[in-house]
Structure formats: structure tokens, C-alpha cells
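A short write-up of the structure that comes next.
2 protein chains.
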Amino acid sequence: MSGLRARQKADRHRRIIEAAAALFRDAGYEGAKIETIAAQAEVSVGTIYNYYQNKGDILGAIVSMEVNEVLNAGQGVVANPPANVGDALDTLLGIYIEHSLHYLSKEMWRQAMAISTQLPDSPFGQAYTALDRALTEQIRALIARLQAIGLVRRDIDGQALGELVFNNMNMMFIEFVKRDEARIAELRAAIRRQNRILVTAIAA
Amino acid sequence: MSGLRARQKADRHRRIIEAAAALFRDAGYEGAKIETIAAQAEVSVGTIYNYYQNKGDILGAIVSMEVNEVLNAGQGVVANPPANVGDALDTLLGIYIEHSLHYLSKEMWRQAMAISTQLPDSPFGQAYTALDRALTEQIRALIARLQAIGLVRRDIDGQALGELVFNNMNMMFIEFVKRDEARIAELRAAIRRQNRILVTAIAA
DNA sequence: TTCTAAAATTGAGTCAATTCTGTTTTTATG
DNA sequence: CATAAAAACAGAATTGACTCAATTTTAGAA
Chain X
1 MSGLRARQKA DRHRRIIEAA AALFRDAGYE GAKIETIAAQ AEVSVGTIYN
51 YYQNKGDILG AIVSMEVNEV LNAGQGVVAN PPANVGDALD TLLGIYIEHS
101 LHYLSKEMWR QAMAISTQLP DSPFGQAYTA LDRALTEQIR ALIARLQAIG
151 LVRRDIDGQA LGELVFNNMN MMFIEFVKRD EARIAELRAA IRRQNRILVT
201 AIAA
Chain H
205 MSGLRARQKA DRHRRIIEAA AALFRDAGYE GAKIETIAAQ AEVSVGTIYN
255 YYQNKGDILG AIVSMEVNEV LNAGQGVVAN PPANVGDALD TLLGIYIEHS
305 LHYLSKEMWR QAMAISTQLP DSPFGQAYTA LDRALTEQIR ALIARLQAIG
355 LVRRDIDGQA LGELVFNNMN MMFIEFVKRD EARIAELRAA IRRQNRILVT
405 AIAA
């Protein structure tokens, strides 16, 4: 049961994703027609829908890969954070933000975010929510680490703080991808300014 | 130039919105077909597209009315806030949240939010961004008021704090509308818990 | 090898948003 | 009042995501 069929399946998955990624990049999400993706991937339209529930799920698969890379990169910071609360947060969030436009254009992010709120119960909608949670959890882990080191007061509610920091960054990121002319440097500066309030409140 | 034509125009606008609102409520956003809205409003499909760029903009008009009511209600709190930082924030955000499901179902919110990120440059996309800014501004105004009264430290960056509070609430609200079973009371409690960190940091 | 049931693929067909083009209504002017 | 230009309307045609019944391919038993 794991021979030819499984190999073909994996291969078709890959071909579909590659075709879609290329087209999303070149023509934008709306501009990429399923029919064209199917032709590029050398499968039929029906087959695409056998692999993904809808167009959004194809984008979802690409987004998930991207965010998982980001999560991986973040691990390093959590394990070995800068010896200063503000810098630690800035470094972790900086990784998230700088990585974010590596494979995905702002337009792709806009679509992905839109789909995840529009269809929260679709495979991608659930995956996206899980990714958000994973990012929140990583921030919370960083805070816990800083508390352990003694850089953050122990009596701070780490869970609530992690949510606050993530929610703020995420909302700022949403606004960022909504404006094509917005620059990463400005985004990071704005978030730093907002976090400064927190940093002074929680530093040990 | 301001006689019959203008009156008919206003009347058609009203009829379209009323028909759409009723249908969105009964059949959901996706379930409401433009053709049906047109029939209900006694105009043709083409006419609807003469008044609104797309289906989302119709929903947008409804959402805007709702949010403007909320902004109005918020004014009262800003003018006369509870004599305690935590309660003041909780009261204002509480008004936002409690009002939010008055005319709009969670499904309608999901669609509205999705459209506003998907098409940030459409009429509704821009209007939605403006509404977000207005809410942020109102929170900032409350903070300024609390600083004037002496309940919040004067050296706090009111702008950044306002953004932080709004962004966190908004993100929590997004997660709230994504889960049909989520309850308002839990949402408010979670936000209160997050804000507690801020409150202790900024109270004079 | 040959056969059969299960799994997967195909692509023409459906459905609903949006566009397009010709017609009608309104306004402004002589 | 007549009339031409401008604005708005109607609804048929287009478009593109998604479905589904028929066909093909695969796995494994005989």
C-alpha cells in the first residue's frame, strides 16, 4: 500500500504546490486560475480538488511551510535570548517579521489572512489558528525564559503577556501587509515603541 | 441636479441595504445571492453594481453603520470615565464588544474582516481601516483623559498605549468571531486579564 | 498472470459574482 | 416644449471556482 501509489501522491502534491507557488507569485492569488495551476502541474482540475478542499488550502499549504520555518528560527532566540528584555523581544519578533516576506508576497499574506477568518473551520483556517497559537506559545516561552534568568519579574502573568505581545505584533503585521508601501523598518520601530511600555513594566 | 434623481438614488441605496441586511441575517453572507437582493430591492443586478463595487461593499455599508454607533456610545465613557484605570478601559472596550453583535452576526463579521484584509483599497477596505483608526483614537483619547485626571502617569506614551490596547482587543475579537461557540463574557475576561499587566504599569 | 474491488483521475457541467452593451430616464438648454 | 447629452438601468453574457458521474489506474488475491 506504500509503493507506487504513495509516491505518485507525494509527487502530485509537490507538483501542485510548485505550480501554485509560481503562479501566485507571478499572477497573484486571484490571477492564478485553478485551470492554469492544473495545467502547470499536469493534473486535472478535479485532481487538485481531490488534494485540496479549495483554492485557499493550496495557499495555506505554502503559508504553513513559511510559518514553520519562522517558528524554527525563533527557537534559537528562545534558547539563547539577548540579555535585555527589550532586545530579546525585538529579536524574536524581528525574526518573525523579517522572514515573513521571504516566500510570500504581501498579497499572498492578505489572501491567507482573509481566508483564515472567512473559513475558520476549513483545513487551512484551523491550521492558521494553530500557527498563531504556536507563535504565541513561543513568545510565552521566551518570557518564561527571561523570568527564569531573572530579567523579568516572576510575578508577571506570562501567559497574558505573551498573548498581549503576540496580538499586538500580529495586528500591526496585518496593517503592514494591507499597505503595499509600508516598510519593514517602520513596522519594527512602531512595535518596539509599543513594547517599550511593557518592557519598563515587567523588567526585574 | 438635486431633485428627482438624487431622491431616487437615496431611495435605491436604502432599499438595497435593507434587502441585503435582511438576507444576510436570514441566509448568511454567502447564502445571500445578488440576484435575490436585487429582486428584494426591486432593482436589477446591474444597478446594484452601479451603487456598490462588489458584494463586500454592501456588507461594508452595514458594518460602517454599526461601528459608528459604537463610536458614538464610546464618547460617553471618554467624557466621563470610571475613576479607576482598569474599570475605565474595561467599560470602553466592553461597550465595543457588547454592541458588536447587535446587528451583525459572527459570520457577517468574519466576512467583513476578511474583505477588509483581502481588498484593503476597495471602498469598504479603506472605510474599515478608518474605523479601526477611529476606535484606536478613542482609546487614546480615554487614556489622555485619564492622564489629565491624574489616574495615569503623565510620562506614559499615550499613543503607543492606545495602539497596544486596541490591537490586543481587536485580535481577541477576531479570534472570538472565528469561534461560534466563544462567549462574550470569556472574551471580556481574557482581555481584562491581559490589560491588567498594563494597568499596573501605567496607574499613577 | 489475470481478475476485481478500491482508490484516484478526469473534464464537462453547475452556480453565482461580476462585466458589458444597448436602452431608458433624467436633466439642462434653446 | 422639444431635444441632446449625461446618468442610470436592465439583463444577457462572461468568468472562474468547484462538483460529480464516468473512466482509468492500482493493489493484492487467486
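Taken in order, these protein sequences are the chains called X and H. Numbering-wise (the numbering used here), the first sequence opens with residue 1 and increments by one. Numbering-wise (the numbering used here), the second sequence opens with residue 205 and increments by one. Beta carbons: idealized from backbone N, C-alpha and C, even for Gly. Nothing here was measured: the structure is a model prediction, and the numbers come from that model.
DSSP bridge partner residues for residue i (one or two, in chain order)
| i | result |
| --- | --- |
| A203 (chain X) | X:V152 |
Close Cβ partners of residue i (< 6 Å) along its chain, the five nearest in sequence each way excluded
| i | result |
| --- | --- |
| M1 (chain X) | Residue confidence is low: M1 (chain X) scores 43 on pLDDT, short of 50, so the model does not pin down where it sits. No coordinate-derived value is stated. |
| K213 (chain H) | none |
| A21 (chain X) | I62 |
| W313 (chain H) | V381 |
| G125 (chain X) | S116 and L119 |
Contact under 8 Å by Cβ, residue i with residue j
| i | j | result |
| --- | --- | --- |
| T136 (chain X) | F166 (chain X) | yes |
| I143 (chain X) | V152 (chain X) | yes |
| E311 (chain H) | G250 (chain H) | no |
| R12 (chain X) | Y51 (chain X) | yes |
| F173 (chain X) | I97 (chain X) | yes |
| I156 (chain X) | I406 (chain H) | no |
| I58 (chain X) | I16 (chain X) | yes |
| A292 (chain H) | L368 (chain H) | no |
| P324 (chain H) | Q257 (chain H) | no |
| A331 (chain H) | G264 (chain H) | yes |
| Q315 (chain H) | Q111 (chain X) | no |
Burial state of residue i, where buried means 16 or more other Cβ atoms lie within 10 Å
| i | result |
| --- | --- |
| R209 (chain H) | exposed |
| I388 (chain H) | exposed |
| Q216 (chain X) | Because chain X spans 1 through 204 in this model, residue 216 (chain X) falls outside it and cannot be assessed. |
| K178 (chain X) | buried |
| A114 (chain X) | buried |
| G366 (chain H) | buried |
| S320 (chain H) | buried |
| G150 (chain X) | exposed |
| S304 (chain H) | buried |
| N72 (chain X) | exposed |
Residues near residue i by beta carbon distance below 8 Å, same chain, minus five either side
| i | result |
| --- | --- |
| N372 (chain H) | I395, Q398 and N399 |
| T295 (chain H) | V281, P285 and P286 |
7 Å CB neighbourhood of residue i in its chain, flanking five on each side removed
| i | result |
| --- | --- |
| E23 (chain X) | Sequence inspection shows Leu at residue 23 (chain X); the Glu mentioned does not correspond to that position. These residues qualify, in order along the chain: A32, T36, I37 and Q40. |
| K55 (chain X) | I34 |
| L131 (chain X) | S64 and V67 |
| A408 (chain H) | G354, L355, V356 and R357 |
Interface positions of the segment 125-152 of chain X facing chain H (Cβ-Cβ less than 9 Å), listed along the chain: Taking 9 Å as the Cβ-Cβ cut-off against chain H, the residues of the segment 125-152 of chain X that qualify are G125, T129 and D132.
Against chain X: residues of the segment 361-373 of chain H by CB proximity under 7 Å: D361, A364, L365, E367, L368, N371 and N372
Positions along the segment 373-389 of chain H whose CB lies within less than 8 Å of some CB in chain X: N374, M375, M376, I378, E379, V381, K382 and R383
Residues, ordered as in the chain, of the segment 298-310 of chain H that lie near chain X by beta-carbon distance below 8 Å: none
Near-chain X residues of the segment 396-407 of chain H (beta-carbon distance less than 9 Å), N- to C-terminal order: Of all residues in the segment 396-407 of chain H, only R397, Q398, N399, R400, I401, L402, T404, A405 and I406 place a beta-carbon less than 9 Å from a beta-carbon of chain X.
Near-chain X residues of the segment 239-257 of chain H - C-beta to any C-beta below 7 Å: none
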